[in-house]
Amino acid sequence: TQLLEQSPQFLSIQEGENLTVYCNSSSVFSSLQWYRQEPGEGPVLLVTVVTGGEVKKLKRLTFQFGDARKDSSLHITAAQPGDTGLYLCAGEAWNAGNMLTFGGGTRLMVKP
Amino acid sequence: DTGVSQDPRHKITKRGQNVTFRCDPISEHNRLYWYRQTLGQGPEFLTYFQNEAQLEKSRLLSDRFSAERPKGSFSTLEIQRTEQGDSAMYLCASSQGTSGIGKYFGPGTRLTVT
Numbered sequence: 030t031q032l033l034e035q036s037p038q039f040l041s042i043q044e045g046e047n048l049t050v051y052c053n054s055s056s057v058f059s060s061l062q063w064y065r066q067e068p069g070e071g072p073v074l075l076v077t078v079v080t081g082g083e084v085k086k087l088k089r090l091t092f093q094f095g096d097a098r099k100d101s102s103l104h105i106t107a108a109q110p111g112d113t114g115l116y117l118c119a120g121e122a123w124n125a126g127n128m129l130t131f132g133g134g135t136r137l138m139v140k141p
Numbered sequence: 131d132t133g134v135s136q137d138p139r140h141k142i143t144k145r146g147q148n149v150t151f152r153c154d155p156i157s158e159h160n161r162l163y164w165y166r167q168t169l170g171q172g173p174e175f176l177t178y179f180q181n182e183a184q185l186e187k188s189r190l191l192s193d194r195f196s197a198e199r200p201k202g203s204f205s206t207l208e209i210q211r212t213e214q215g216d217s218a219m220y221l222c223a224s225s226q227g228t229s230g231i232g233k234y235f236g237p238g239t240r241l242t243v244t
């Protein structure tokens with residue numbers, strides 16, 4: 030069974046602060062995806078990283094895939110209240126179905 | 131592009147009743163997935179279809195659960211004899227083809243079994 034552990038589980042910060050969310054596993058994934066989920070809604074895809082060591086930037090968000098393809102991080106610079114939400118990492122299996130294994134999520138609250 | 135849609139958005143049912151949920155994927159996507167998410171947890175994989183063929187089922191999917199995708203377009207997930215432990219958000223996602231392609235989720239169906 031492939032497991033993904035996210036840390037921290039909860040994060041409450043002030044507007045303007047920086048933060049990093051970690052996603053770790055002992056398993057190797059074909060790709061790693063990050064999603065953001067609002068209460069009562071489905072997850073929304075933020076980014077997919079495919080190559081070991083890959084770094085992708087999406088405005089103030091920076092995503093990194095570990096060299097060994099087992100871990101990933103999400104860094105947010107100068108957080109804003111609009112960044113509040115549940116951040117989920119998901120590893121994609123190598124099998125034909127490419128099913129996702131999700132981490133438990135990081136609930137972020139950014140206070141104005 | 132209307133995205134992935136799910137119906138109903140909310141369902142309250144009494145224990146022992148049957149319920150059916152529908153998912154309409156993005157039209158050109160050949161893969162369709164069902165996930166279940168309980169409060170405070172990440173989604174857990176239930177089953178997936180490639181076109182009309184159901185190719186994988188999780189051990190979470192007991193014999194009370196059945197899913198279909200009859201023409202390779204929309205899909206239904208039925209739960210028979212619902213139990214309180216079935217209360218969760220049921221999420222549908224679709225994607226096109228191969229690895230490294232993001233999956234697009236619908237808004238989910240929130241099931242409450244009383």
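Sequence order for the protein chains is Y and Z. Using our numbering, you'd call the opening residue of the first sequence number 30 and step up by one each time. Using our numbering, you'd call the opening residue of the second sequence number 131 and step up by one each time. Ideal placement from N, C-alpha and C gives every residue a C-beta, glycine not left out. Since this is a predicted model, take the numbers as computed values, not measurements.
Measuring CA to CA, which of the options is closest to residue i?
| i | options | result |
| --- | --- | --- |
| W123 (chain Y) | Y:G71, Y:T106 and Y:S59 | Y:S59 |
| L142 (chain Y) | Y:K140, Y:P141, Y:T135 and Y:E121 | Here chain Y comprises residues numbered 30 to 141, so residue 142 (chain Y) is not present and cannot be evaluated. |
| G232 (chain Z) | Y:L75, Y:R89, Y:Q93 and Y:Y51 | Y:L75 |
| N127 (chain Y) | Y:R89, Y:V79 and Y:T106 | Y:V79 |
| D112 (chain Y) | Y:E34, Y:E67, Y:P37 and Y:S54 | Y:E67 |
| C52 (chain Y) | Y:I42, Y:L117 and Y:L137 | Y:L117 |
| C153 (chain Z) | Z:D216, Z:P200 and Z:S217 | Z:P200 |
| T130 (chain Y) | Y:L48, Y:V84 and Y:W63 | Y:W63 |
| N181 (chain Z) | Z:S157, Z:N148, Z:G202 and Z:Q147 | Z:G202 |
| S135 (chain Z) | Z:Q147, Z:V149, Z:W164 and Z:N148 | Z:W164 |
| G132 (chain Y) | Z:T168, Z:S157 and Z:Q147 | Z:T168 |
Which residues of chain C have a Cβ atom closer than 7 Å to the Cβ of residue i, listed in chain order?
| i | result |
| --- | --- |
| G126 (chain Y) | The chain labelled as chain C is not found among the protein chains of the depicted structure, namely Y and Z. |
What residues from chain Z crowd round residue i, counting only those whose CB sits closer than 9 Å?
| i | result |
| --- | --- |
| A131 (chain Y) | At residue 131 (chain Y) the sequence reads Phe, which differs from the Ala that was named. Those are Y165, Q167, Q171, G172, P173, E174 and F175, listed as they occur along chain Z. |
| L74 (chain Y) | G232, K233, Y234 and F235 |
| G134 (chain Y) | G170, Q171 and G172 |
Please return the same chain residues whose Cβ sits closer than 8 Å to the Cβ of residue i, not counting the five positions on each side in sequence.
| i | result |
| --- | --- |
| R145 (chain Z) | T212, E213, Q214, V243 and T244 |
| G227 (chain Z) | N160 and R161 |
| R65 (chain Y) | P72, V73, L75, G114, L115, Y116 and L117 |
| V149 (chain Z) | K141, T143, E208, I209, T212 and L241 |
Look at residue i and residue j and say whether their C-beta atoms are less than 8 Å apart.
| i | j | result |
| --- | --- | --- |
| E70 (chain Y) | P155 (chain Z) | no |
| S205 (chain Z) | H159 (chain Z) | no |
| H50 (chain Y) | L103 (chain Y) | With the sequence shown as reference, residue 50 (chain Y) is identified as Val, and His is not the correct amino acid for it. Contact: yes. |
| L40 (chain Y) | L137 (chain Y) | yes |
| L176 (chain Z) | L191 (chain Z) | yes |
| Y234 (chain Z) | A218 (chain Z) | no |
| K99 (chain Y) | S36 (chain Y) | no |
| I209 (chain Z) | R194 (chain Z) | yes |
| S101 (chain Y) | L61 (chain Y) | yes |
| T8 (chain Y) | V84 (chain Y) | There is simply no residue 8 (chain Y) to check, as chain Y begins at 30 and stops at 141 in what is shown. |
Got a sec? Which residues, its chain only, sit under 6 Å from residue i by beta carbon, not counting five neighbours each side?
| i | result |
| --- | --- |
| F151 (chain Z) | L207, Y220 and T239 |
| Q171 (chain Z) | none |
| P141 (chain Y) | E44 and P110 |
| R166 (chain Z) | E174, L176, A218 and Y220 |
| I142 (chain Z) | T242 |
| H140 (chain Z) | R240 |
| F179 (chain Z) | L162 and R199 |
| S196 (chain Z) | E208 |
Counting only the same chain and skipping the five closest in sequence on each side, list residues whose C-beta sits under 7 Å from that of residue i.
| i | result |
| --- | --- |
| V82 (chain Y) | At residue 82 (chain Y) the sequence reads Gly, which differs from the Val that was named. Excluding sequence neighbours, G82 (chain Y) sits near F94 and D96. |
| R89 (chain Y) | I105, T106 and A107 |
| G134 (chain Y) | Q35, L115, Y116 and L117 |
| K187 (chain Z) | T177 |
| P138 (chain Z) | T239 |
Mind pulling the chain Y residues with CB within less than 8 Å of residue i?
| i | result |
| --- | --- |
| Y220 (chain Z) | Those within 8 Å of Y220 (chain Z) in chain Y number zero; the least Cβ separation is about 10 Å. |
Using a Cβ-based criterion (distance less than 7 Å to any ligand heavy atom), does residue i qualify as near the ligand GTP?
| i | result |
| --- | --- |
| Q147 (chain Z) | In the structure on display, the ligand GTP does not appear, and there are no ligands present to speak of. |
Please compile the residues from chain Y whose C-beta is within a distance smaller than 9 Å of the C-beta of residue i.
| i | result |
| --- | --- |
| G236 (chain Z) | G71 |
Would you mind telling me which residues of chain Z sit closer than 8 Å to residue i, beta carbon to beta carbon, in chain order?
| i | result |
| --- | --- |
| Q62 (chain Y) | G232 and K233 |
| L137 (chain Y) | Result: empty, since nearest Cβ-Cβ is about 14 Å, beyond 8 Å. |
Report the neighbours of residue i on chain Z: residues whose CB is nearer than 7 Å to its CB, in chain order.
| i | result |
| --- | --- |
| L117 (chain Y) | G172 |
Every unbroken alpha helix (DSSP H) within the stretch 133 to 190 of chain Z, with a cutoff of 4 residues, ordered by chain
DSSP runs (the alpha helix (DSSP H)) wholly in the stretch 133 to 190 of chain Z: none.
What are the complete beta strand (DSSP E) segments, minimum 3 residues, inside the stretch 51 to 76 of chain Y?
Segments of the beta strand (DSSP E) lying fully in the stretch 51 to 76 of chain Y: 60 to 66.
Any alpha helix (DSSP H) of 4 or more consecutive residues that is wholly inside the stretch 219 to 243 of chain Z
Whole alpha helix (DSSP H) segments, 4+ residues: zero.
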